[in-house]
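Novice: Protein chains in written order, with my numbering: chain A, 1 to 124; chain B, 1 to 328.
This structure is in structure tokens; I'll ask about it shortly.
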Amino acid sequence: MGSNLSVNYTEVIAMILFVTGFANLLLQKNLIKKIIGFNIMDSSIYLFLAVKGYITGRTVPIVVDNVTSVEAYINPIPAGLVLTGIVVSVSVSALMLSLTIRLYRRYQTLNLDEISTRLKREGM
Amino acid sequence: MSRRKTDEEYSKTRAYRFFKWLKGEKDYTPSETKMDMSLLIPIADASTTVERMQDKQIAKERAYDEHSNRLLKFFNRMYRIVAVMFCIIFGALLIYNVSYLPKVGAVDRPTNNEVPARYIEKGIEETGAVNIVTGMILDYRAFDTFGESNVLFVATITVLILLRINKDRSRLSPVLSEDDPGAGDSIYEPKDDLILQTVAKFLVPIIMVFGIYVILNGHLSPGGGFSGGAVIGAGLILYVNAFGFEKTEEFFTEKTYKWISFGALTTYCLCKAYSFFCGANHLDSHIPLGTPGAILSSGLILILNICVGMVVACTMYTFYVMFRKGDF
Chain A
1 MGSNLSVNYT EVIAMILFVT GFANLLLQKN LIKKIIGFNI MDSSIYLFLA
51 VKGYITGRTV PIVVDNVTSV EAYINPIPAG LVLTGIVVSV SVSALMLSLT
101 IRLYRRYQTL NLDEISTRLK REGM
Chain B
1 MSRRKTDEEY SKTRAYRFFK WLKGEKDYTP SETKMDMSLL IPIADASTTV
51 ERMQDKQIAK ERAYDEHSNR LLKFFNRMYR IVAVMFCIIF GALLIYNVSY
101 LPKVGAVDRP TNNEVPARYI EKGIEETGAV NIVTGMILDY RAFDTFGESN
151 VLFVATITVL ILLRINKDRS RLSPVLSEDD PGAGDSIYEP KDDLILQTVA
201 KFLVPIIMVF GIYVILNGHL SPGGGFSGGA VIGAGLILYV NAFGFEKTEE
251 FFTEKTYKWI SFGALTTYCL CKAYSFFCGA NHLDSHIPLG TPGAILSSGL
301 ILILNICVGM VVACTMYTFY VMFRKGDF
């Protein structure tokens, strides 16, 4: 183990969240719960990126009193990347949820195992 | 000197076959070649066919039933165990790697390189935006943000394709919409809830004004097109919940969505195309940057923020309406 484990506890939390979401994806049979797991994974990535940009003792990158030195502000790039991530995640979630609604209308169930079993029984 | 081939000779060449294939003719017709069409296995009589089908069905049902198929049961149990084990090992590996990453909050992390330094030092004089993040995403990386807006637009179109209920068809065959459990959600919607309406009367204007404030101050304070658009979308959703779809149909229909999205995306595209064209050819774009900190400053960023805000607000509202009712 490296020496920075206790200092990087926010990143450790992000990794735990990521694995939790991944376990949700693998273990849950309900499609809605799978999507929730996917969103937990997304959130953990945002946390990880936000932590990446943080620098102790500096403020948010909004210029006050014309101070434009690098020593005053935190890294602004991860904020922009998180914004991109959130937009894509919203779109993907909406797409997955609408596909789930269509599946529910067809099979009257959200259980993925049941859906795939019925698909196999129907010989598709 | 070219030599003309005879027809018989020509019919053997590749060119002849190719042009024949191009015309869609087939090399042979089944009646000419007299294919052997008799069955190899004689068909069993009807009763045994039915029995065979039933046997097959029973076997299939047994194959997917956990109680009779012990292999499936074993597989399901093993799957859970292996999945949990995999997740634990994966998480341990990730945490082990995190312990070797540079310290959180340290200045000498490799992410704090010359790129953010340049954005912070030159951002305010090059973009005119006090908020450096907005200056970055709507000026240096504006093309990326244009892609994001388009992703939202494409997602809305896909949701429209998947969930839109065709009004004409449901009118022709009402049985179809009754079988569709998701289609009739508007039957159960709360109507004229007094508490909700009173609260919404006060809250919706405040939410709208706040959303517009966040959009217009995107280059001065935290916020911008995406967050302000989401706030306005939330206000619209609250309005729909309180007053029903009859009221919102007066000002927001499919046509409104179409024109707002089209107009906003086209404006964004044209603005950014102009500034990219000028920048790439070292021309002066003649867009005044204004005094940093004023509301009418930072060149195109204000217009782009408004465009993005409109797209996001419409997208949020359309998602909600599609999931709830399937039509505007």
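All residues carry an ideal CB built from backbone N, CA and C; glycine is no exception.
Under 8 Å: do the region 283–290 of chain B and the region 314–325 of chain B share three or more Cβ pairs, one atom per stretch?
Specialist: Contact fails: fewer than three Cβ-Cβ distances are below 8 Å.
Novice: Quick one: grab the DSSP three-state call for I306/B.
Specialist: Here I306/B sits in helix by DSSP.
Novice: Is I331/B helix, strand or coil when you go by DSSP?
Specialist: With chain B running from 1 to 328 in the structure shown, residue 331/B is simply not present.
Novice: Mind checking which residues open and close the alpha helix (DSSP H) that includes E254/B?
Specialist: Element bounds for E254/B: 254–280.
Novice: Taking I303/B and T68/A to be in contact with their CB atoms under 8 Å, please state how far apart those CB atoms are, rounded to whole angstroms.
Specialist: Actually they are not in contact, since the Cβ atoms of I303/B and T68/A sit about 25 Å apart, beyond 8 Å.
Novice: Which word fits T145/B, buried or exposed, when buried means at least 16 other C-beta atoms lie within 10 angstroms of its C-beta?
Specialist: T145/B should be labelled buried.
Novice: Could you confirm whether any beta carbon from chain A is found closer than 9 Å to the beta carbon of D144/B?
Specialist: Yes, contact with chain A.
Novice: Under 9 Å, do L110/A and L99/A count as touching if we go by C-beta distance?
Specialist: Cβ distance not < 9 Å, so L110/A and L99/A don't count as in contact.
Novice: Report yes or no: do the region 16–35 of chain A and the region 102–121 of chain B share at least 3 C-beta pairs separated by less than 8 Å?
Specialist: The region 16–35 of chain A vs the region 102–121 of chain B: no contact.
Novice: Between which two residues does the alpha helix (DSSP H) holding P170/A run?
Specialist: With chain A running from 1 to 124 in the structure shown, residue 170/A is simply not present.
Novice: So L95/A and T158/B are in contact, right, with Cβ under 8 Å, and what is the actual spacing, rounded?
Specialist: That belief holds up - the Cβ atoms of L95/A and T158/B are roughly 6 Å apart, short of 8 Å.
Novice: For G147/B, which option in S116/A, T84/A, Y46/A has the closest C-alpha, if you only look at C-alpha atoms?
Specialist: Of S116/A, T84/A, Y46/A, the residue nearest in Cα terms is T84/A.
Novice: Taking 8 Å as the cut-off, is the beta-carbon of I86/A closer than that to any non-hydrogen atom of the ligand FMN?
Specialist: Among the components of this structure there are no ligands whatsoever, and the ligand FMN is therefore not found.
Novice: Let me know the secondary structure DSSP gives Y54/A once reduced to three states.
Specialist: Reduced to three states, the DSSP call for Y54/A is coil.
Novice: Can you give the beta carbon distance from V311/B to L236/B, rounded, assuming they're within the 8 Å contact cut?
Specialist: So it is not a contact: roughly 14 Å between Cβ atoms.
Novice: Under 9 Å, do S227/B and F153/B count as touching if we go by C-beta distance?
Specialist: Against a cut-off of 9 Å, the Cβ pair of F153/B and S227/B comes out as no contact.
Novice: Any beta carbon from chain B within less than 9 Å of K52/A's own beta carbon?
Specialist: Closer than 9 Å to some Cβ of chain B, the Cβ of K52/A qualifies, so yes.
Novice: In angstroms with no decimal places, state the Cα-to-Cα distance between H219/B and R106/A.
Specialist: In a straight line, the C-alpha of H219/B is about 47 Å away from that of R106/A.
Novice: Could you pull out every residue in the same chain whose Cβ sits closer than 6 Å to the Cβ of Y317/B, ignoring the five residues on either side in sequence?
Specialist: For Y317/B, where only same-chain residues beyond five positions count, the Cβ hits under 6 Å are G233, L236.
Novice: According to DSSP, simplified to helix, strand and coil, what is N75/A?
Specialist: Here N75/A sits in coil by DSSP.
Novice: If contact means a Cβ-Cβ distance below 9 Å, which residues of the region 309–323 of chain B contact chain A?
Specialist: Listed in sequence order: V312, T315, M316, F319, M322, F323.
Novice: Alpha carbon to alpha carbon, what distance is there between V7/A and R80/B?
Specialist: C-alpha separation (whole angstroms): 34 Å.
Novice: List, in chain order, every chain B residue whose beta-carbon is nearer than 7 Å to that of M15/A.
Specialist: Result: G91, L94, I95, V98.
Novice: In the DSSP assignment, what residue or residues form a beta bridge with N111/A?
Specialist: DSSP, once it has assigned bridges, lists N30/A as partnering N111/A.
Novice: Would G182/B count as contacting chain A if we go by Cβ distances under 9 Å?
Specialist: For G182/B, the predicted structure reports a pLDDT of 48, less than 50, and the residue's modelled location is therefore unreliable. The matter cannot be settled from this model.
Novice: Give every residue of the same chain whose Cβ lies closer than 7 Å to the Cβ of A142/B, excluding the five residues on either side of it in the sequence, and list them in chain order.
Specialist: So the list reads K272, L304, once near-sequence residues are dropped.
Novice: Just checking, does the region 47–61 of chain A make contact with the region 76–93 of chain A on the three C-beta pairs under 8 Å criterion?
Specialist: Judged by Cβ distances under 8 Å, the region 47–61 of chain A makes contact with the region 76–93 of chain A, as three or more pairs qualify.
Novice: Assuming I301/B contacts A83/B under a Cβ cut-off of 8 Å, what Cβ separation, rounded to an integer in Å, is found between them?
Specialist: Not quite, the Cβ-Cβ distance comes to about 47 Å (not below 8 Å), so this is no contact.
Novice: What does L163/B reach in chain A if we use C-beta pairs closer than 7 Å?
Specialist: Those within 7 Å of L163/B in chain A are S98, I101.
Novice: Nearest to T59/A by CA position, among E114/A, I74/A, S116/A, is which residue?
Specialist: Ranking E114/A, I74/A, S116/A by Cα distance to T59/A puts I74/A first.
Novice: By the three-class DSSP mapping on this structure, what secondary structure does N131/B have?
Specialist: N131/B falls in the strand class under three-state DSSP.
Novice: Among A23/A, V19/A, G57/A, L31/A, which one has its Cα closest to the Cα of I115/A?
Specialist: With distances taken between Cα atoms, I115/A lies closest to L31/A.
Novice: For the region 33–44 of chain A, which residues have a beta carbon sitting closer than 9 Å to at least one beta carbon of chain B?
Specialist: Against chain B - using a Cβ distance shorter than 9 Å - the region 33–44 of chain A contributes no residues.
Novice: Strictly below 8 Å CB to CB, what residues from chain B border S89/A?
Specialist: Those do not exist, as S89/A stays about 10 Å from chain B at its closest Cβ, beyond 8 Å.
Novice: Against chain B, does I158/A count as a neighbour if the rule is that its beta carbon must be under 9 Å from one of theirs?
Specialist: Any property of residue 158/A remains undetermined from this structure, which presents chain A solely from 1 to 124.
Novice: Any beta-carbon of chain B closer than 9 Å to the one on N111/A?
Specialist: So, not an interface residue.
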